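Those letters in the sequence shown? Residues -8 to 65, by my numbering.
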Amino acid sequence: MESRILRKLPEILLAGTVPPALAALLLQDGLAGILAVALIAGWWLSLLPLAFACLIVCVMKGPARSADPCRLPD
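What follows is the structure in structure tokens.
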């Protein structure tokens, strides 16, 4: 699951970046530009921990791409 999220992350980042940027460019207003920068920064900062978490899980799983089973004592 985390590898799928990492593969889709550039699309997700663009989906949250392009609309506010286009709106700011089309409106040509100072407030629209400030709001667009705030939305883009918030979007990127909210997805950054998700990317780090997915990267950590991928590294911890290793090349097997599956978690080790935990045997419980009977």
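Ideal placement from N, C-alpha and C gives every residue a C-beta, glycine not left out. Computed from a predicted structure; not experimentally measured.
Look at the Cβ atom of residue 41, then the Cβ atom of residue 4, and state whether they are nearer than 8 Å.
-> Contact check for residue 41 against residue 4 fails: the beta carbons are separated by 8 Å or more.
Who are the Cβ neighbours of residue 19 in its own chain at under 7 Å, not counting the five residues just before and after it?
-> Answer for residue 19: no residue qualifies.
Going by the CB atoms, is the gap between residue 27 and residue 14 shorter than 8 Å?
-> yes
Exposed or buried, which one is residue 11 when buried takes at least 16 other CB atoms within 10 Å?
-> buried
Do the CB positions of residue 31 and residue 8 come within less than 8 Å of each other?
-> yes
Opening and closing residue of the alpha helix (DSSP H) in which residue 60 lies | That residue, residue 60, is in no alpha helix (DSSP H); it is neither H nor E in DSSP.
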